[in-house]
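The numbers in the numbering used here rise by one with no breaks, and the one at position 58 of the sequence shown is 99.
Think of the CB as a built atom: it goes at the ideal place given N, C-alpha and C, for glycine as much as any other residue.
First up is the structure itself, then whatever we jot down about it.
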Amino acid sequence: EEEEQLGVVETYRAMLGVMRLKPVLMLVGLLITSKVAFAAADAAGPLKLQQRGVPKETLALLGVATTPISLLLPAAIARHTRGARALESFMAAVPLRLLLSAGASVLLLS
């Protein structure tokens, strides 16, 4: 059983065909809008902390300290993000993250 070898042009045509599928377009829309919702809080938080006297070195150390979590968390939640209902955990986490971002914004702005 031989597999058909696609050229570069055919490969890109196939990729564009997949990208035009409705579920893929919905996923792209969901991921982009979720990032936009948190962009302000993610950008303003460190700036407000610096204004309140937290040294840049401390913020950088926090970034380094959270790297293992960023690497290990996907493996820890992989069993919840498989199958037909893979996005349910993501959709459940978005409102929680919105509440946490709003609470952090209130604390930092007060």
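At a Cβ-Cβ threshold of 8 Å, Ser-75 and Val-135 count as neighbours. For a cut-off of 8 Å, the C-beta gap from Leu-100 to Leu-112 is around 20 Å, too long to register as a contact. By the Cβ rule, the segment 126-142 counts as touching the segment 71-87, because three or more pairs are nearer than 8 Å. Within the model, the alpha-carbon separation for Ala-143 versus Ala-82 is close to 8 Å.
The three-state secondary structure of Gln-46, taken from DSSP, is coil.
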